[in-house]
Amino acid sequence: MAFAVQTDISPDNGSFLPTTDNRLVGSLRPETRRRLAMAATRIDLNTGDVLTRAGEPIDRLVFPEGAPAMLSVSTGGSSQDVGMIGRDGVVGWSRLFSDQPTPFTARVHIQSGSAIEIPAAAVVDAADDDPELLKRILTFAQRFTMQMARTLASALRDVPERRIARLLLMIDDRIAGDTMSVTHASIAATLNLRRATVTDCLHILEGEHMVRCSRGRIAMRDRAALEARAGLAYVADDGLAPETLR
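My numbering puts the last residue of the sequence shown at 299; the count rises by one with no breaks.
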């Protein structure tokens, strides 16, 4: 079992279950978790890794464990990030509903981490036998669609400081601990902002003791204050099922 690095005891028969930090996989029925584990591989995700590429078929589903992936769309030769998938969900979910090429490029450029990789055919077959798996992925897809809508609305209406606060909160929701391995440059690329603008906004947030910045890292200090600064731009369950929130 590729992701049985740790084990849980199944409440039904006392047998061992494969575990993962990915909350979607962890919420599945014991039999389905075992079945997926037989086809799964744990992989390291590094900044810059491409998980899906627009216009290409999806041959694997990737369940991040601590490295949020950003989905982007390309128009006119440039790309724009439109959503974040972390340990709350799965990259490549559309393969369960269509075998058409994906319109999204999914790339890791927030921070490194691990993920569970499973061939798409294995997940499709498991979903055919377990309607609960299909339901959970569909529920995630619906929440992710709402997250994308809010991301686009925020890009149109919100000032940079509010957008940065929202992004930091979303990253914090999807990683373990309160310290993010994120740079000013990666924030600027994600939000399509000038790096100098990001630096100025982070200085303000740090000066008000909401975050603490060091080289390549940002630590959460006062989450409640950061949520207040993000305002309506941030929704606590933005792409996350309620039970996945820390």
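All residues carry an ideal CB built from backbone N, CA and C; glycine is no exception.
- [ ] Using the DSSP secondary-structure output, state which residues sit across from L124 in a beta bridge.
- [x] According to DSSP, L124 bridges with G136 and A159.
Open item on the list: Just to confirm my understanding: we take T204, look at its own chain, exclude 5 residues before and 5 after, and list those with CB closer than 7 Å. What are they?
Closed with: Closer than 7 Å at Cβ, skipping near neighbours: V135 and G136.
Task: Between the CA atoms of R140 and R227 - distance to the nearest angstrom - done: CA-to-CA, the gap between R227 and R140 works out to about 6 Å.
Open item on the list: Am I right that R106 and T158 are in contact with their C-beta atoms under 8 Å? What's the rounded C-beta distance?
Closed with: 5 Å
- [ ] Report back the beta-carbon spacing between R82 and D183 to the nearest angstrom; my notes put them in contact at under 8 Å.
- [x] 6 Å
Open item on the list: On the criterion of 16 or more Cβ atoms from any shown chain inside 10 Å, does M91 qualify as buried, or is it exposed?
Closed with: exposed
Task: Spatial distance of I171 from V78 (CA atoms) - done: 11 Å
- [ ] Please name the residue, chosen from M273, I271 and A242, that lies closest to S18 on a Cα-to-Cα basis.
- [x] Lying before the first or after the last residue shown, residue 18 is absent from the chain, which here runs from 54 to 299.
Task: Cβ-based burial, Q195 [other Cβ within 10 Å; buried from 16] - done: exposed
Task: V115 and L149 closer than 8 Å at C-beta - done: no
Task: Within 8 Å, strictly: CB atoms of G284 and R215 - done: yes
Task: Length of the line joining the Cα atoms of L42 and L279 - done: An answer regarding residue 42 cannot be provided, because it is not within the stretch 54 to 299 covered by the chain.
- [ ] May I have the straight-line CA-CA distance separating T236 from L104, to the nearest angstrom?
- [x] 21 Å
Open item on the list: Here's a check: name, in chain order, each residue in its chain whose Cβ is nearer than 6 Å to the Cβ of A208, leaving out the five neighbours to either side.
Closed with: The same chain holds no residue with a CB closer than 6 Å to that of A208 once the five nearest residues on each side in sequence are set aside.
- [ ] Indicate whether P213 and L246 have their beta-carbon atoms separated by less than 8 Å.
- [x] yes
- [ ] Compare the Cα-Cα distances from L220 to each of T232, A286 and F193 and report the closest residue.
- [x] A286
Task: With 16 other Cβ atoms within 10 Å as the buried cut-off, status of A181 - done: The sequence given here places Asp at residue 181; Ala does not occur at that position. Burial call: exposed.
- [ ] Under the assumption that A272 contacts D231 (Cβ atoms under 8 Å), give the Cβ distance between them as a whole number of angstroms.
- [x] 6 Å
Task: D226: first and last residue of the uninterrupted alpha helix (DSSP H) it sits in - done: Going by DSSP, D226 is part of the alpha helix (DSSP H) stretching over P213 to D226.
Task: Same chain, Cβ closer than 6 Å to A265, five either side skipped, listed in chain order - done: According to the sequence provided, residue 265 is Arg. The question's Ala does not apply to it. Contacts found: A272 and R274.
Task: Local Cβ density within 10 Å of E118, reported as buried at 16 or more and exposed below that - done: Classification of E118: buried, given that the 10 Å Cβ count is 16 or more.
Open item on the list: Using a Cβ-Cβ cutoff of less than 8 Å, which residues in the same chain neighbour R248 once the five nearest sequence positions on both sides are dropped?
Closed with: H237, A238 and A241
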